[in-house]
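**Q** Take a look at this one; I'll ask things after.
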Amino acid sequence: MLEVNLPDGSVKSYENSITPMGVAEDIGAGLARATLAAEVDGQVVGFDTPLPESGSVNLKLLTKKNEEALGVMRHSCAHIMARAIMRLFDGVQLAFGPTIEGGFYYDFDLEHKLTEEDFPAIEAEMKKIIKKNEGFERLEESHETALKLVKELDQHYKIEHIETGLAEHETLTFYRQGEFIDLCRGPHIPKPKSIGAFKLLSVAGAYCKGDSDNNVLQRVYATAFFNKDDLALHLEKIEEAKRRDHRVLGKKLDLFTISPLVGQGLILWQPKGTLVRNQLIKFISEQLEKYEYMPVVTPNIGKVDLYKISGHYPYYKDSQFAPIIQDEDEEYLLKPMNCPHHIMLYKSKPRSYRDLPIRFSEFGTVYRYEQSGELNGLTRVRGFTQDDAHIFCMEEQVPDEFRKCIEMTQFVLSSLGLTDYRVRLGFRDPDGSKYVGNKKDWDTAEDALLSVCKEMGIDATVEPGEAAFYGPKADFVVKDCLGREWQLGTVQLDYNLPSTERFALEYIGADNQAHRPVMIHRAPFGSLERFMGVLIEHYAGAFPLWLAPEQARVMVVSQKFEAYGKEIEAKFKAAGFRISGDYRSEKIGAKIRDAQLELIPYMIILGAREMESGTVSVRDRIDGDLGSMTIEDAIRKMTDEKEQRLVRQVFHGSAGLGNAVQSSDDY
RNA sequence: GCUGCUGUAGCUCAGUGGUAGAGCACUUCAUUGGUAAUGAAGAGGUCAUGGGUUCAAAUCCCAUCAGCAGCUCCA
573 MLEVNLPDGS VKSYENSITP MGVAEDIGAG LARATLAAEV DGQVVGFDTP
623 LPESGSVNLK LLTKKNEEAL GVMRHSCAHI MARAIMRLFD GVQLAFGPTI
673 EGGFYYDFDL EHKLTEEDFP AIEAEMKKII KKNEGFERLE ESHETALKLV
723 KELDQHYKIE HIETGLAEHE TLTFYRQGEF IDLCRGPHIP KPKSIGAFKL
773 LSVAGAYCKG DSDNNVLQRV YATAFFNKDD LALHLEKIEE AKRRDHRVLG
823 KKLDLFTISP LVGQGLILWQ PKGTLVRNQL IKFISEQLEK YEYMPVVTPN
873 IGKVDLYKIS GHYPYYKDSQ FAPIIQDEDE EYLLKPMNCP HHIMLYKSKP
923 RSYRDLPIRF SEFGTVYRYE QSGELNGLTR VRGFTQDDAH IFCMEEQVPD
973 EFRKCIEMTQ FVLSSLGLTD YRVRLGFRDP DGSKYVGNKK DWDTAEDALL
1023 SVCKEMGIDA TVEPGEAAFY GPKADFVVKD CLGREWQLGT VQLDYNLPST
1073 ERFALEYIGA DNQAHRPVMI HRAPFGSLER FMGVLIEHYA GAFPLWLAPE
1123 QARVMVVSQK FEAYGKEIEA KFKAAGFRIS GDYRSEKIGA KIRDAQLELI
1173 PYMIILGARE MESGTVSVRD RIDGDLGSMT IEDAIRKMTD EKEQRLVRQV
1223 FHGSAGLGNA VQSSDDY
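Just so you know, the first sequence maps onto residues 573 to 1239 in my numbering.
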């Protein structure tokens, strides 16, 4: 006998095997019609997934009102898309088709090169399928029968999947809808009519099984909603996010430029971008002083031998600019990292335990030859400046130093209003071969990271395989406006570079013996370039007052007041503001509009009234006209806002074109 | 690096083989105004670059460079 507990507290019992739909029908025909899927003990299952024969389960029937049902529906929509494509094109081989954050995709292998021009035809075919409203039928087959079936269907990827990835599964499920049958774990909605609105978004190549040694499949991205309004809202969100793109805003606001003649991925900072960047550097420098870092300066190149010792040269040979060959035995590398230089500073003299921890900081510019396809505005570049530092400390100081690094990073991010990040603990992949160092040190380091995060109440996600080759790390990861994740701040523990095999670092302990220090690599921003990119999108280009390249603009109602305008401008400059004046023969409305579009925080509007009373009229970018006040009051108000580094406006959300959230098809 | 798409004025874009276009920005002139666009005139392009096909190429083909999306990679 099975006991089914429903969310309203009622309990139903069944003697025979039953599905969630059976329970829904038992409750009422209306509910049965609305039921799309179910949640059994917190797990999303199909409307047709049999419940256990006995025991007790918590059952929640999912309808259009439940967020979880959306994912199920989208996966069904993916099947319909696949079915439509198979109808329209010959020789379609199906690969995988999971649900992602803002929709779904399906990978295909077919002769015809799909383009966006094919979308209308595919969408029309999908509409036809939906209109016919054939149900999704769940088929459970033995491993053997399943293999026979996919062979009959001549679906090579599915054959391979059953023979390899699913070799251990005794039974496998298929879903059939009309002539379309797909190996699929499901679940699916009962009937396609609940797909209210859908849209194909893009097509791109994707390596089969995510391995660059494999062939490239064609991946079609799409999304679906229960109703048209939700789809329209989603598409509008994507458009909005695109308007916030740092590459678009960077050009519009004159922050930076990239010239092919200088080189791909090499950022040329315009004066305005430089002003913002320098404010960030100033801000971090204050923190470095507070946390007792010692600024150092090191050159942009170093001997190849240095990076052979550090291990970077052999390991990252392909992603470095080629060495500069000066002479047969004299080769230099543009520095891809700052740590080896800092290590040489450490090694320049004997160190005592009394000196530790030693914290060397540097805004160090490094160069990496990233694959051309990876380059992306400011977020992935070939030359960037890290707000880098290396801490050399005793093993017992590691937790404390690590904690301080995390604390500083958190403070820096929160000061900028960046709260929407996750902390990723990059640990080593147990099967990976890229790592150096011994297991004991790795375990110690990973344990240290875990326990400090726990102690600090940080909800970190552990990701095996995300470690650096020399040690585990804690990364601060944020999403850009399109939903792509980027690593910003990072704190990395390193037992490797100090080791005998590398640089053999030492300090003399209280026992007068030589000991090995531990290194911590850390950078709260990570790369200033990437950070600026993320920040531009975070503020949608509207920087808070303290960061804004142009903090205020004086504008006169008529050119008659230019002299008064210049006088006021000078007073703001003297008070330390970045201010300009607009004395064009334009109407005040036009000047305001221009300043507003340039996202200038404050407008100081001057006319006869202000000149006579010796006041200024202040217009706020966000709140509009604030009325007139004395110049002292205006300066005081703005100085306050600037010194507090007040963040008054940020923009959230992304286009949701990011990572897979569930792979309902990957079995 | 791989797959696909794209490249026309400073910006956003139209232009499917026959004399290179619009809006905004820019310059000049007029206008001197009160919280998101005053009016007029003007200037600005080897149509990414290099080859090819053609009587004729922005348009068709090839290569290169660059950008975009995704994949892969990321010290």
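Beta carbons are placed, not taken as given, at the ideal position from N, Cα and C, and that holds for glycine.
Of all the beta strand (DSSP E) runs that stay within the bounds of the segment 919-1002, which reach a length of 3 or more residues?
**A** Taking 3 residues as the shortest admissible run, the segment 919-1002 contains the following complete beta strand (DSSP E) segments, listed from N- to C-terminal end: 930-939, 955-965 and 993-999.
**Q** Assign Asn588 to one of two classes, buried (16 or more other C-beta atoms within 10 Å of its C-beta) or exposed (fewer than that).
**A** For the purposes of this step, residue 588 is taken as the residue at position 16 of the first sequence. Per the 10 Å Cβ criterion, exposed.
**Q** Are the beta-carbon atoms belonging to Leu574 and Ser626 less than 7 Å from one another?
**A** Here the question's residue 574 lines up with position 2 in the first sequence. Here the question's residue 626 lines up with position 54 in the first sequence. When the beta-carbon positions are compared, Leu574 and Ser626 come within less than 7 Å of each other.
**Q** Could you check whether the segment 827-839 touches the segment 795-812, counting it as contact only if at least three pairs of C-beta atoms, one from each stretch, sit closer than 8 Å?
**A** In the pairwise beta carbon analysis, the segment 827-839 is classified as not touching the segment 795-812: fewer than three pairs are separated by under 8 Å.
**Q** Taking DSSP as the reference, what is the three-state secondary structure of Asp877?
**A** Mapped onto the first sequence, residue 877 falls at position 305. Asp877 falls in the helix class under three-state DSSP.
**Q** Out of Tyr729, Leu738 and Arg975, which one is the CA nearest neighbour of His715?
**A** Against the first sequence, residue 715 aligns to sequence position 143. Residue Leu738 is the option with its Cα nearest to His715.
**Q** Thinking C-beta only, is Tyr925 closer than 7 Å to Tyr1079?
**A** As a position in the first sequence, residue 1079 is number 507, starting the count at 1. As a position in the first sequence, residue 925 is number 353, starting the count at 1. Contact: yes.
**Q** Between Phe798, Ser891, Cys965 and Gly845, which lies nearest to Asp927 when the distance is taken from Cα to Cα?
**A** Locating residue 927 in the first sequence gives position 355, where the first residue counts as 1. Answer by Cα proximity: Cys965.
**Q** Are the segment 836-853 and the segment 1118-1125 touching by the rule of at least three beta carbon pairs closer than 8 Å?
**A** Short answer: they touch.
**Q** Tell me the DSSP secondary structure of Asn577 in three-state form.
**A** Against the first sequence, residue 577 aligns to sequence position 5. Here Asn577 sits in strand by DSSP.
**Q** Please list the terminal residues of the continuous alpha helix (DSSP H) segment that includes Tyr647.
**A** Position 75 of the first sequence, counted from the first residue, corresponds to residue 647. The sequence as given places His at residue 647; Tyr does not occur at that position. Run containing His647: Glu639 to Leu660, per the alpha helix (DSSP H) assignment.
**Q** Out of Gly581, Gly1043 and Asp960, which one is the CA nearest neighbour of Gln859?
**A** For the purposes of this step, residue 859 is taken as the residue at position 287 of the first sequence. For the residues Gly581, Gly1043 and Asp960, the minimum Cα distance to Gln859 belongs to Asp960.
**Q** Of all the options Leu603, Asp1052, Ile1108 and Glu1139, which has the alpha carbon lying nearest to the alpha carbon of Tyr1171?
**A** Translated into the one-based positions of the first sequence, residue 1171 becomes position 599. Reading off the sequence, residue 1171 comes out as Leu, not Tyr. The residue with the shortest Cα to Cα distance from Leu1171 is Ile1108.
**Q** Check for me: the beta strand (DSSP E) holding His1093 runs from which residue to which?
**A** The residue you call residue 1093 lines up with position 521 of the first sequence. Where His1093 is concerned, the enclosing beta strand (DSSP E) stretches over Val1090 to Ala1095.
**Q** Would you say Tyr1136 and Met1183 are within 7 Å of each other, going by their C-beta atoms?
**A** By one-based count along the first sequence, residue 1136 stands at place 564. By one-based count along the first sequence, residue 1183 stands at place 611. In contact: Tyr1136 and Met1183 (Cβ atoms closer than 7 Å).
**Q** According to DSSP, is Val1241 helix, strand or coil?
**A** Examination of residue 1241 is not possible in this model, given that the chain is present from 573 through 1239 alone.
**Q** Met1175 and Arg1125 - do their beta-carbons sit closer together than 7 Å?
**A** Walking along the first sequence from the start, residue 1125 turns up at place 553. Walking along the first sequence from the start, residue 1175 turns up at place 603. Yes; because the gap between Cβ atoms is below 7 Å, this pair is in contact.
**Q** Just grab the DSSP bridge partners of Ser1189 for me.
**A** Position 617 of the first sequence, counted from the start, is the residue given in the question as residue 1189. DSSP output for Ser1189 lists Ile1177 and Ser1200 as bridge partner(s).
**Q** Which two residues bound the contiguous beta strand (DSSP E) that contains Arg710?
**A** By 1-based counting over the first sequence, the position of residue 710 is 138. That run of the beta strand (DSSP E) goes Glu709 to Ser714.
**Q** In chain order, what residues of the same chain lie with their CB nearer than 6 Å to the CB of Glu1101, ignoring the 5 residues before and after it?
**A** Residue mapping note: residue 1101 aligns to position 529 of the first sequence, counting from 1. Result list for Glu1101: Ile839, Leu950, Val953 and Phe956, in chain order.
**Q** I need the DSSP call for His806, collapsed to helix, strand or coil.
**A** The residue you call residue 806 lines up with position 234 of the first sequence. Three-state DSSP puts His806 in a helix.
**Q** Of the residues Val1024, Gly1029, Asp817 and Cys780, which one's Cα is nearest the Cα of Leu682?
**A** As a position in the first sequence, residue 682 is number 110, starting the count at 1. When each option's Cα is compared against that of Leu682, the closest is Cys780.
**Q** Please name the residue or residues paired with Ala769 in a DSSP beta bridge.
**A** Counting from 1 along the first sequence, the entry for residue 769 is found at position 197. Per DSSP, the beta-bridge partners of Ala769 are Phe797.
**Q** Do Pro1070 and Phe999 have their C-beta atoms within less than 7 Å of each other?
**A** Start at 1 with the first residue of the first sequence, and residue 1070 comes out as number 498. Start at 1 with the first residue of the first sequence, and residue 999 comes out as number 427. No, these two residues do not count as a Cβ contact at 7 Å.
**Q** From the DSSP output, in three-state form, read off Phe1115 for me.
**A** If you number the first sequence from 1, residue 1115 lands on position 543. Annotated three-state conformation of Phe1115 is coil, per DSSP.
**Q** By DSSP's criteria, Trp1058 is part of a beta bridge. Which residues make up the other side?
**A** Working through the first sequence from its first residue, we reach residue 1058 at position 486. Answer by DSSP bridge pairing, in chain order: Val1050.
**Q** Return the CA-CA distance between Thr591 and Pro762, expressed in angstroms with no decimal places.
**A** As a working mapping, residue 591 is identified with position 19 in the first sequence. As a working mapping, residue 762 is identified with position 190 in the first sequence. Taking the straight line from one Cα to the other gives about 12 Å.
**Q** Residues in the same chain with beta-carbon distance under 6 Å from Leu825, minus the five sequence neighbours each way, listed in chain order, please.
**A** Locating residue 825 in the first sequence gives position 253, where the first residue counts as 1. Excluding sequence neighbours, Leu825 sits near Gly1113.
**Q** At which residues does the alpha helix (DSSP H) containing Val595 begin and terminate?
**A** Translated into positions along the first sequence, residue 595 becomes position 23. Pro592 to Ile599 is the span of the alpha helix (DSSP H), which, as asked, contains Val595.
**Q** For Glu1216, name the three-state secondary structure that DSSP assigns.
**A** For the purposes of this step, residue 1216 is identified with residue 644 of the first sequence, where counting begins at 1. The residue asked about is misnamed: residue 1216 is Gln in this sequence, not Glu. Three-state result, Gln1216: coil.
**Q** Find the nearest neighbour of Pro886 within the set Glu968, Val1008, Glu697 and Asp901, judged by alpha-carbon distance.
**A** As a first step, residue 886 is located in the first sequence; it is residue number 314 there, counting from the start. Closest by alpha carbon: Val1008.
**Q** Between which two residues does the beta strand (DSSP E) containing Leu634 stretch?
**A** Here residue 634 is taken as the residue at index 62 of the first sequence, counted from 1. Its beta strand (DSSP E) spans residues Gly627 to Leu634.
**Q** Give the DSSP-derived three-state secondary structure of Tyr885 in the structure shown.
**A** Taking the first sequence and counting its residues from 1, the one referred to as residue 885 is at position 313. Note: Tyr885 maps to helix in three-state DSSP.
**Q** Just grab the DSSP bridge partners of Gly1241 for me.
**A** The first residue shown for the chain is 573 and the last is 1239, placing residue 1241 beyond what the model contains.
**Q** In the DSSP assignment, find the unbroken beta strand (DSSP E) run with Phe746 in it and report its ends.
**A** Residue mapping note: residue 746 aligns to position 174 of the first sequence, counting from 1. Counting along the chain, the beta strand (DSSP E) containing Phe746 begins and ends at Thr743 to Gln749.
**Q** Please report the distance separating the alpha-carbon of Ser582 from that of Glu712.
**A** Within the first sequence, residue 582 is the residue found at index 10, counting from 1. Within the first sequence, residue 712 is the residue found at index 140, counting from 1. C-alpha separation (whole angstroms): 31 Å.
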